[in-house]
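Down below is the structure, laid out as structure tokens.
Here it is, written out as structure tokens:
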């Protein structure tokens with residue numbers, strides 16, 4: 001058996017979830033659609049975090065009721081060996097999608113703003129070996145990397161807000177909740193989708209936590225921290241730009257650091273901050289992809305994560321490449337992934353929760 | 001079967017999940033399919049006993065030590081207590097001749113004959129030879145090993161046991177001062193080539209009854225003696241078993257020192273980062289032993305091999321704890337800053353210069369451009385060349401003895417640098433960056449880590465030339481992944497930060513000495529509890 005799960009503690013679990021939640025919460029946003037419907041993303045992010053946390057708590061309750069230590073065991077205990085595979089597919093796809101979306105956004109930002117003469121593909125090819133190495137190194141290494149990159153991640157968040165602070169203008173937030181409450185609910189759903197994958201990924205690797213209870217503790221602490229960071233960044237975005245200005249920006253967070261462009265000690269910090277975000281994003285992507293690989297390994301009965309991990313990385317990075325193709329069909333898929341992707345995750349989660357309740361009633 | 005096993009190992013998908021789990025024992029490791037792999041072939045042991053005949057003993061010794069040509073082997077015939085023919089054997093130069101004359105030959109010749117029926121070997125040990133270490137043995141292999149160590153073997157006619165006497169007394173230097181790990185404050189003694197002296201230096205600091213020095217022979221025919229030093233009950237038992245298992249697998253006729261031994265028992269031979277710590281300071285080794293680590297002292301090596309080791313352990317010096325807390329913390333911060341500058345600065349400069357000129361302010365950019373106006377080498381080549389020259393000067397300074405070595409450094413650093421700038425061979429900016437990098441490199445207290453940093457530095461420079469800050473970021477990530485994944489004898493290399501351990505002391509700030517009752521343990525062992 002070579003699943004490379006290893007052992008990791010509460011701090012590392014919380015850091016992995018927190019960083020992933022921050023990255024997903026901010027960089028997996030479909031800028032053109034989300035902000036076109038008004039500037040309520042900051043509020044939707046806060047609501048989405050809480051809603052995501054609630055759903056993950058329900059799922060953890062289902063795990064406890066069915067005596068499962070991780071998500072694959074929960075699927076198996078709840079639905080048996082055949083149906084569990086069917087239900088695992090949307091979860092795996094959801095995790096791969098969660099890995100690909102921020103990387104797509106980062107690559108786009110680098111292509112548009114940093115390496116203006118470079119193509120999209122070579123930039124992705126730089127990221128590929130790192131994700132590959134990290135996924136194949138296993139969850140223990142991913143968790144340690146998350147812990148290591150906590151300070152750079154926090155530094156990136158703080159510096160982004162500090163650099164943009166001179167451009168903050170509260171009037172940019174008005175009109176509040178426009179164009180209506182339904183939009184807010186819809187955006188909350190989308191935000192919730194962005195906060196579910198970190199928790200699900202940790203539940204997938206729950207057996208590697210030093211103690212079973214660490215999985216939920218890690219999810220709770222990480223999601224609150226990551227959600228808070230994402231909320232602050234979205235609030236910063238809302239304070240910097242008008243909602244109707246943002247759809248034109250392919251990388252709003254980077255543009256935010258440029259909004260009040262100033263040299264600091266003879267150096268421009270915006271690009272450095274972007275690369276701090278990229279490094280954090282790589283760890284988040286590896287976390288999702290490892291969790292997806294492990295789930296796939298468990299479902300397929302493969303006892304070595306390397307072949308499956310390589311496959312999942314190729315799938316994830318292939319998606320990053322695919323998202324950039326200028327085709328109506330692909331654009332529609334990307335848009336659907338952003339907006340309705342959470343349904344992929346909600347269906348198996350709902351079924352698992354219902355099944356666990358039914359089991360409890362029956363016993 | 002061996003070929004199948006080799007192919008199986010290359011393609012193996014069944015490696016154990018946690019590498020710290022002691023799935024292997026000194027007997028071997030679990031095989032590819034099932035059962036237990038017997039491991040390396042055990043040493044062929046000489047099971048012969050001591051013959052009762054002196055003639056046969058002499059024949060064996062001359063065969064084993066090539067007595068006809070090997071004049072070092074001294075064979076002295078005498079009459080033991082005036083009644084029994086005896087043979088005294090030792091290696092000239094390895095044994096102390098005065099001790100042999102005064103306490104073996106003189107005593108044996110002057111002593112009265114033993115009562116009849118008395119065990120002669122026991123009588124010799126208990127009543128005749130007045131040396132502090134004396135034992136009798138019937139194993140012929142032990143007799144040969146003892147002679148090689150510098151002990152003296154006394155063989156008696158008609159007795160099937162030999163008496164081994166500790167007469168080791170070869171020439172050696174006195175205890176010196178630490179040359180490579182010098183500190184301003186604190187002790188300056190260094191380990192010695194003589195194993196006994198090194199252990200004594202350690203024992204003088206670790207004055208505990210549970211301090212164990214376990215002697216082992218390693219190698220194949222060379223039989224190098226080493227001492228495994230640890231605190232029994234404090235050192236993690238799994239760690240100790242793992243160290244012993246790895247030592248038992250070392251079978252070589254190549255000369256073994258502490259440095260080569262470390263390479264033979266480490267986890268990843270290809271990793272640039274060191275996985276064991278070689279120290280010449282007894283106080284550093286003692287601190288490690290007190291923290292639950294294992295120190296290995298090898299006969300003939302004036303260093304101790306400390307394991308396991310972590311990055312924070314490699315970046316700290318004993319001086320940190322000798323200084324007061326604020327001063328110690330500042331020193332640590334400066335050292336970490338220097339290390340970061342040493343790894344990142346050239347690559348960062350190249351990334352900016354090649355791909356992100358817009359990140360530099362116009363003042364800095366114009367300075368860089370004007371300094372490079374007449375330089376004909378491309379910037380990347382110039383930087384790599386200067387880094388190479390720096391290593392060259394440093395290596396020359398180390399190899400040339402004493403004051404001349406310092407002169408080489410000054411000539412290399414000042415005159416060569418100035419001449420290179422004047423000849424438009426390199427730019428002043430690149431020279432300044434390499435000089436800062438070199439200074440940063442020298443504040444890293446561990447020589448192995450300095451070399452590892454140089455490897456990472458060059459790799460990052462190449463990535464920065466190719467991909468700018470993206471290449472640099474990916475390179476940093478790859479390096480961090482390799483470090484995060486690395487373990488030294490089961491202990492994560494980046495502990496106690498990632499993963500967190502019970503050790504409270506951070507890497508950046510030194511902990512308080514006042515109120516500290518236990519050592520800082522970054523292995524979650526018994527020492528910190």
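Chains as they are written, first to last, in our numbering: chain P, 1 to 363; chain X, 1 to 529. Idealized CB from N, CA, C, for every residue including glycine.
For the pair of segments examined, the region 202-212 of chain P was found to touch the region 289-309 of chain P: the number of CB pairs separated by less than 8 Å reaches three. Following the DSSP letters along the chain, one finds residue 421 of chain X inside the alpha helix (DSSP H) bounded by residues 417-422.
Around the Cβ of residue 126 of chain P, a 10 Å sphere holds 16 or more other Cβ atoms; the residue is buried.
With three or more CB-CB distances shorter than 8 Å, the region 120-134 of chain X counts as touching the region 164-171 of chain X.
Counting along the chain, the unbroken alpha helix (DSSP H) around residue 202 of chain X starts and ends at 195-203. The Cβ atoms of residue 331 of chain X and residue 320 of chain X lie closer than 9 Å to each other. When Cβ-Cβ separations below 9 Å define contact, residue 300 of chain X makes no contact with chain P.
Rounded to whole angstroms, the separation of the alpha carbons of residue 368 of chain X and residue 359 of chain X is 13 Å. Within 8 Å of the CB of residue 478 of chain X, the CB atoms of chain P belong to 129, 130, 133, in sequence order along the chain. Taken in chain order, the complete beta strand (DSSP E) segments of 3 or more residues contained in the region 301-354 of chain X are 304-307.
Sorting X:518, X:478, X:103 by C-alpha distance to the C-alpha of residue 80 of chain X places X:103 at the top. Under the three-state reduction of DSSP, residue 23 of chain P is assigned to helix. Relative to the Cα of residue 379 of chain X, the nearest Cα in the group X:328, X:317, X:296, X:425 belongs to X:425.
Per the DSSP secondary-structure output, residue 466 of chain X pairs with nothing in a beta bridge. Between the C-alpha atoms of residue 201 of chain X and residue 518 of chain X there is a straight-line separation of about 22 Å. For residue 86 of chain X, the three-state secondary structure derived from DSSP is strand. Nearest C-alpha to residue 359 of chain P among P:12, P:49, P:64: P:64. Nearest to residue 323 of chain X by alpha-carbon distance, out of X:207, X:206, X:512, X:244, is X:512. Taken residue by residue, none of the region 21-39 of chain P has a beta-carbon sitting less than 8 Å from a beta-carbon on chain X. Residue nearest to residue 275 of chain X within the set X:306, X:105, X:299, X:246 is X:306 (criterion: CA-CA distance). Within chain P, the residues 137, 141 have their CB atoms less than 7 Å from the CB of residue 485 of chain X, given in chain order.
Annotated three-state conformation of residue 92 of chain X is strand, per DSSP. Ranked by Cα distance from residue 470 of chain X, the options P:123, P:40, P:50 are led by P:123.
Rounded to the nearest whole angstrom, the C-alpha separation of residue 50 of chain X and residue 177 of chain X is 44 Å. Here residue 98 of chain X is exposed: its Cβ has fewer than 16 other Cβ atoms, across all protein chains shown, within 10 Å. Legend: CB atoms of the region 95-106 of chain X lying less than 7 Å from CB atoms of chain P are not found in any residue. Proximity of chain X to residue 282 of chain P at the Cβ level (cut-off 9 Å) is accounted for by 473, 474, 477, in chain order. Sequence-distant partners of residue 64 of chain X (beyond 5 residues in either direction) whose C-beta falls short of 7 Å from its own C-beta, in its chain, are 144. A Cβ-Cβ contact shorter than 9 Å links residue 94 of chain P with residue 197 of chain P. DSSP places residue 441 of chain X in the helix class (H, G or I) of the three-state scheme. Beta bridge pairing from DSSP links residue 356 of chain P with no other residue. With a contact defined as Cβ atoms closer than 8 Å, residue 30 of chain P and residue 242 of chain P miss out at about 18 Å. Taking the Cα positions, residue 247 of chain P is about 47 Å away from residue 387 of chain X.
A residue is called buried once 16 or more other Cβ atoms fall within 10 Å of its Cβ, and residue 120 of chain P is buried on that count. Your pair residue 109 of chain P and residue 274 of chain P checks out as a contact, with CB atoms roughly 6 Å apart and the cut at 8 Å. Residue 354 of chain X is outside the set of residues whose beta carbon lies under 9 Å from a beta carbon in chain P.
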